[in-house]
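Residue numbers (the working numbering), protein chains in the order written: chain E, 1 to 357; chain C, 1 to 273.
Ideal placement from N, C-alpha and C gives every residue a C-beta, glycine not left out.
Everything on this sheet refers to the single structure shown next.
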Amino acid sequence: MSAITLKNVIKKYGAVQVVHGVDLDIDEGEFVVLLGPSGCGKTTTLRMVAGLEDVSGGELSIGGQVVNNVAPKDRGVAMVFQNYALYPHMTVKKNMEFALRPLKLDKAEVDKRINDTAAILGLGELLERRPVQLSGGQRQRVAMGRAMVRTPDVFLFDEPLSNLDAKLRTQVRWEIGKLHQRLGTTVLYVTHDQVEAMTLADKVVIMRDGYVEQVGTPEEVYTAPQSTFVATFIGSPSMNMIEAKVVAERLEANGFSMPLPDRFQGKVTEGQAVTIGVRPIEIKRVAASSTGAMQANVEVTEYLGNEALLDLRVGPHELVAEVPADQRVEPGKVIHIALNEGAIHLFDTVSGRTLSE
Amino acid sequence: MTRNLRQNILVYALLAVVLIVFMTPIYLIVSSSVKPSPIMFQKPPAFLFTPTFEHYHDLFAMRPFTKFIWNSLIVALGSTAFSLTIGSLAAYAISRIRHKRMNDVAFWILSMRMFPPIAVVVPYYIIFKSAGLLDTPLALIIVYSTANIPLTVWLMKGFFDEVPLALEEAAAVDGYGLLATFWYVTLPLAAPGLAVSAVFCFIFSWNEFLFALMLTGSEAQTATVAVMSFWSSDAVQWGRIMAGSFIILIPGVIFVLTCQRWLVRGLTMGSVK
């Protein structure tokens, strides 16, 4: 049985529709990440699952029950808010107790749960403190603790790491992953950070302008992006996009030409406008004499330690190549590059959808 | 003399002036209340004299002054409690419900405070007379609340606006309904607003004179009216008036000091980043 099911779920504010018919199945114990840029409807979708926003259309079920008109308190979900939303007039312990009170447990069970959770999250020392006396990372852990003590069926996370500094973010991300492995609770997690999505998710749901662009495992969305949006959104630095035309079994772009790889035969038509997508790591430096070599001007070089990013100009096209650090070149130099044909993606320019399938 | 010292002297001098302006009436009340009648209006005023408690004694012996104090307390506390209950619930609704006419509603409530009291004394008198409420504490509680509720609504709305919505959402997800969330989360965080409102409501109700004079008789008379009854056409008994005034001062001071511990800033700090 699915833990959460969305069937054509819609959200409207007056006449403005912000979520357009989202379909999603989340299995029991699955870690699902809603990923997308700000304003893509991911937080609104999460808030609809939590019951903090009304569902304007479609059907939302949790644990097999349609919950469109069920109050948040009766949905069996716990949520970690972006800004933590700790009750400032209560100590850490009281914050957790408060979350447990509606469950009407006996005192021993309440204490046990709080102490267990505090032990898991390392909050033991902080139980008598108030939120104002905690650091950002500690507040974050308390917010998670408050959600965990209730042992809910579903955890909802709304960009839980966005207020932490980079180092702490990595650490807490790791802790969240570990917690999920340990508790096995279903998680719906919203973020705009692809690293969080890729590292934590069993399934990534990429959203844009209120539509679901693609649902898949982290590997699927990285290796087989279904649209130019997903292709450029996932991966850092972004995938290079080159607009081209299919001419006589070749991909022709201004100042740029390559044979149409065999796997796209029959999937494109002569004269079709296509977009070639190639990840920076799939652009190699080659000798000037090798087949398919293209001349490129190096405009900027960014040294990153192990590797370097080269901002290249090929005719009118700007490309980024990721090369081993020892292969980097000074800006202003001219080099020769070739695209790894086996790794290029092809999209229909008009629809933006993939031609790889 | 350093610049700092000069500044300090100036500040203290100003403070002294302010203190004198505020404390002189209090000094006059206290000293006159224990001054023997014969030297009450002596010129220059007598600063040194043997204090007497005859005025206090007369106050309670000649009139049921204890009863009037009780009336005042019942009316002031009653109106304060009623106004805080209704006012904070109304303020919460105005603060949270998004509706294009909400500002009009808020303004309409505020406008209740704009009428001059003297203009409605007679209508009130007629209404309470026909309702059989003349000379009852309930009449004064109702009248004072019509002035106190708008004030509370406007004060509390500001405090509720400051309570982050995310906290209420957290409580909703944690399993609390609307009223429980209000009671356990929102209201405690607006406690300073409650304290300020309580002080204003209590002081207004405690000090009010005009309505109390017109709407009460011997039964529900409040202390302020009772004190003025020593001012009659044949004599003004200043000693008793001053003794009564001093007693009237005390509950207000106690009430304000009690509320003061809630007047703290930054209650919501640490809740949301």
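Simplified DSSP state of residue i, which is helix, strand or coil
i               : result
F347 of chain E : strand
V221 of chain E : helix
V34 of chain C  : coil
S227 of chain E : strand
N95 of chain E  : helix
D202 of chain E : coil
L260 of chain E : coil
V286 of chain E : coil
Q138 of chain E : helix
A197 of chain E : helix
T2 of chain C   : coil
A170 of chain C : helix
Y211 of chain E : strand
S197 of chain C : helix
T354 of chain E : strand
Closer than 8 Å to chain E by CB, residue i
i               : result
D174 of chain C : yes
L19 of chain C  : no
V196 of chain C : no
E169 of chain C : yes
A166 of chain C : yes
L249 of chain C : no
P123 of chain C : no
G78 of chain C  : no
L189 of chain C : yes
V185 of chain C : yes
G193 of chain C : no
G177 of chain C : yes
CB contact check: residue i to chain C, cutoff 8 Å
i               : result
K107 of chain E : no
Y87 of chain E  : yes
A50 of chain E  : yes
M258 of chain E : no
P102 of chain E : yes
V22 of chain E  : no
M144 of chain E : no
N68 of chain E  : no
F98 of chain E  : yes
M198 of chain E : no
F233 of chain E : no
K245 of chain E : no
V77 of chain E  : yes
N8 of chain E   : no
N340 of chain E : no
K73 of chain E  : yes
F81 of chain E  : yes
Residue i: first and last residue of the uninterrupted beta strand (DSSP E) it sits in
i               : result
Y189 of chain E : T186 to T191
G332 of chain E : Counting along the chain, G332 of chain E falls outside any beta strand (DSSP E), and DSSP gives it neither H nor E.
G266 of chain E : G266 of chain E -> no beta strand (DSSP E), and no H or E assigned at all.
P324 of chain E : H317 to P324
L210 of chain C : That residue, L210 of chain C, is in no beta strand (DSSP E); its alpha helix (DSSP H) goes L210 to L215.
N240 of chain E : N240 to V247
M294 of chain E : M294 to Y303
T275 of chain E : A273 to V278
L251 of chain E : R250 to A253
Enclosing alpha helix (DSSP H) for residue i [first to last residue]
i               : result
M285 of chain C : The first residue shown for chain C is 1 and the last is 273, placing residue 285 of chain C beyond what the model contains.
T181 of chain C : L178 to T181
D311 of chain E : No alpha helix (DSSP H) contains D311 of chain E, which is instead part of the beta strand (DSSP E) from E307 to V314.
R113 of chain E : K107 to L121
V185 of chain C : No alpha helix (DSSP H) contains V185 of chain C, which DSSP labels as neither H nor E.
For residue j and residue i, believed in contact at Cβ under 8 Å, the rounded distance
i               : j               : result
M156 of chain C : A190 of chain C : 6 Å
E282 of chain E : A343 of chain E : 4 Å
T186 of chain E : V154 of chain E : 5 Å
F239 of chain C : S32 of chain C  : Sequence check: residue 239 of chain C is Gly here, not Phe. Indeed, because the Cβ distance is near 7 Å, the residues count as touching under 8 Å.
A90 of chain C  : V153 of chain C : 5 Å
E302 of chain E : L309 of chain E : 4 Å
E361 of chain E : P280 of chain E : Nothing can be reported for residue 361 of chain E, as the shown portion of chain E is limited to 1 through 357.
Proximity test, residue i beta-carbon vs the ligand FAD heavy atom, cut-off 7 Å
i               : result
T222 of chain C : The ligand FAD is not among the ligands present in this structure, which contains no ligands whatsoever.
Exercise for the section: Within the stretch 92 to 165 of chain C, note down every full alpha helix (DSSP H) run reaching 4 residues or more, in order along the chain. Expected result: 102 to 111, 117 to 130 and 137 to 162
Practice task
Counting only runs of 4+ residues fully inside the stretch 5 to 77 of chain C, write out the alpha helix (DSSP H) ranges in chain order.
Solution key: 54 to 62
Handout entry: Ordered list of alpha helix (DSSP H) runs contained in the stretch 4 to 78 of chain E, each at least 4 residues
Key = 42 to 50
Practice task
Could you pull out every unbroken beta strand (DSSP E) segment of at least 3 residues lying fully inside the stretch 141 to 194 of chain E, listed in chain order?
Solution key: 154 to 158 and 186 to 191
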